[in-house]
């Protein structure tokens, strides 16, 4: 892609990029999809430039796919980052040499880039990164063990996590993240992992029940020593309705 | 500003602009601050270009001030709009002529502009537009009577209104929009105007009381025929706390 940009920099929107924060949940773990460009010591969010003939939402999906092999995720735009010095010195002389970019072409990279952030929450077992077609290393990394990232990518990641937590107060989550039948403690654990805090069992049960998106099944979880917990599934119609209208907790 | 841009278009971030949606509330009315460039028949949101040496948040405040004379508003970024054809034909040959822009300079204006949306909610009596230093007409227009706007500005306005309504579910509003002492029906009317729907009196009272941001005063509203309603004020400390932590309705 870099060679393509050098040859055709008029094909890309100048001074504008996209970065994607992909959160992956599975079995009580929250991870983030990160990449490492081979010449770099630091990890980064998967990102790239915007073809002048693509809507930005389309460009976000294309970029994510090119950098990680990941497809078919619904990406949500959450914020745009544009401090003047955010990419200062990122493409210094040494880096340009390593990347085989002639110095005079480097000016395109060295303008201030404003970057548009997109995020998604997926089941990380369902989404298989494929670095075969990229020159990057692609990995799911636990969100509590994210190493140093390039530029302001840590700030972008934190902001995305804030948005994800706010989203929990506005709409239901879990439909694609839990097995078809699950227990209340499993659902509570999902919320606790994303919010990074313990929730009171009774309050959680009351609130989640009030939303009305759960169907109590006539089954109990197997293989549990004693007091087997009830199984639930999502009431799909009601879930869709709440997604559309927001949680009952609104005005 | 246009002349400045023509002469110095390297001083501005190419292909990127900012548009501001300023909602003004007062006395049960919700208005939007709109401008009309003198040569144009259509109204638009106050917007402009981003100096390469300014952070985007700073640029937003500067642009709003230059276009409307309005100062000291806390602007919140809410979304970025970047469809490929959003500003197609906006600066056509005829417009360029009217604006005295030589056709070859027009190419700068005719690239695709991605625009970053900012919004704010203020008391419109406190914010006085000042078109003395601009070439534009600046007016507060009732949000239900907004005329046709240029480009995708109507879509940007609708999206901002959505965000404002979502905000009501996340944090308290009203501190700068109501008199120091107010009645519950006055507060309810503020919420109803922004949400554009009737709320149940008892439910509203229960929910707003549960948040704990109100102080009931030992006074009643004067000049009311009979059953004078109680006066309230905001408990400033508690209000600030809820602003920081979100409404109790979270998990």
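Protein chains in written order, with my numbering: chain P, 1 to 251; chain A, 1001 to 1251. Just so you know, even glycine gets a beta-carbon here, dropped at the ideal spot from N, CA and C.
Span of the alpha helix (DSSP H) holding residue 1035(A)? Counting along the chain, residue 1035(A) falls outside any alpha helix (DSSP H), though it belongs to the beta strand (DSSP E) covering 1029-1037.
Do residue 12(P) and residue 18(P) come within 8 Å of each other at the CB atom, strictly closer than that value? no
Is there contact between the segment 1096-1105 of chain A and the segment 1050-1066 of chain A, where contact requires at least three CB pairs shorter than 8 Å? No contact exists between the segment 1096-1105 of chain A and the segment 1050-1066 of chain A.
Going straight from the alpha carbon of residue 130(P) to that of residue 21(P), what length do you get? 17 Å
Residue interval of the alpha helix (DSSP H) (run including residue 185(P)): 184-195
Return the CA-CA distance between residue 1115(A) and residue 80(P), expressed in angstroms with no decimal places. 10 Å
Residue-level contact to chain P via CB, residue 1056(A), 8 Å cutoff: yes
How about residue 209(P) and residue 25(P): do their beta carbons lie closer than 8 Å? no
Are the C-beta atoms of residue 119(P) and some chain A residue less than 8 Å apart? no
Which of helix, strand or coil DSSP assigns to residue 1084(A): coil
Going along chain P, which residues have a C-beta under 8 Å from residue 1112(A)? 13 and 52
Compare the Cα-Cα distances from residue 27(P) to each of 123(P), 110(P), 222(P) and 157(P) and report the closest residue. 123(P)
Under the assumption that residue 16(P) contacts residue 1016(A) (Cβ atoms under 8 Å), give the Cβ distance between them as a whole number of angstroms. 6 Å
Proximal residues of chain A, C-beta to C-beta of residue 137(P) below 8 Å: For residue 137(P), no chain A residue has a C-beta closer than 8 Å to its own C-beta; the minimum C-beta separation is roughly 29 Å.
I'd like the span of the beta strand (DSSP E) that includes residue 1115(A), first residue to last. 1114-1123
I believe residue 119(P) touches residue 160(P) by the beta-carbon criterion, under 8 Å. Please report the beta-carbon distance rounded to the nearest angstrom. 4 Å
Cα-Cα separation between residue 93(P) and residue 32(P), rounded to whole angstroms: Straight-line Cα distance between these residues: approximately 31 Å.
When the Cα atoms are used, what is the spatial distance from residue 200(P) to residue 1158(A)? 38 Å
In three-state DSSP terms, what is residue 140(P)? In the three-state scheme derived from DSSP, where H, G and I count as helix and E and B as strand, residue 140(P) is classed as strand.
Do residue 1023(A) and residue 1030(A) have their beta-carbon atoms positioned less than 8 Å apart in this structure? yes
Helix, strand or coil: how does DSSP classify residue 1015(A) here? Correct three-state label for residue 1015(A): strand.
Between residue 1044(A) and residue 1178(A), what straight-line distance do the alpha-carbon atoms span, to the nearest angstrom? 28 Å
For residue 1105(A) and chain P, any beta-carbon pair shorter than 8 Å? Under the Cβ distance rule, residue 1105(A) does not count among the residues neighbouring chain P, no pair being separated by less than 8 Å.
Measure the Cβ-Cβ separation of residue 1196(A) and residue 1037(A) and say whether it is below 8 Å. Cβ atoms of residue 1196(A) and residue 1037(A): not closer than 8 Å.
In the DSSP assignment, find the unbroken beta strand (DSSP E) run with residue 1245(A) in it and report its ends. Unbroken run through residue 1245(A) is the alpha helix (DSSP H), 1236-1245; no beta strand (DSSP E).
May I ask you to list, following chain order, the residues of the segment 1075-1095 of chain A that have a beta carbon less than 7 Å from some beta carbon of chain P? Under the 7 Å Cβ criterion, the segment 1075-1095 of chain A contributes 1077, 1079, 1080, 1082, 1083 and 1084.
Does DSSP put residue 220(P) in a helix, a strand or coil? strand
Against chain A: residues of the segment 138-170 of chain P by CB proximity under 7 Å: 166, 168, 169 and 170
Do you know offhand how far residue 46(P)'s Cα is from residue 246(P)'s? 30 Å
Output yes if chain P places a C-beta closer than 8 Å to the C-beta of residue 1175(A); else output no. no
Is there a Cβ from chain P that is less than 8 Å from the Cβ of residue 1116(A)? yes
Going by CA-CA distance only, name the one from 1214(A), 1055(A) and 1048(A) that's closest to residue 1066(A). The option with the nearest alpha carbon to residue 1066(A) is 1048(A).
List the DSSP bridge partners of residue 47(P). 19(P)
Close-in-space but distant-in-sequence residues of the same chain around residue 1219(A) (CB under 6 Å, 5 per side omitted): Correct list, in chain order: 1231.
Who are the near neighbours of residue 1082(A) in its chain, counting only those whose CB is closer than 8 Å to its CB and skipping five residues on each side? 1112, 1114 and 1115
Between which two residues does the alpha helix (DSSP H) holding residue 1157(A) run? 1153-1168
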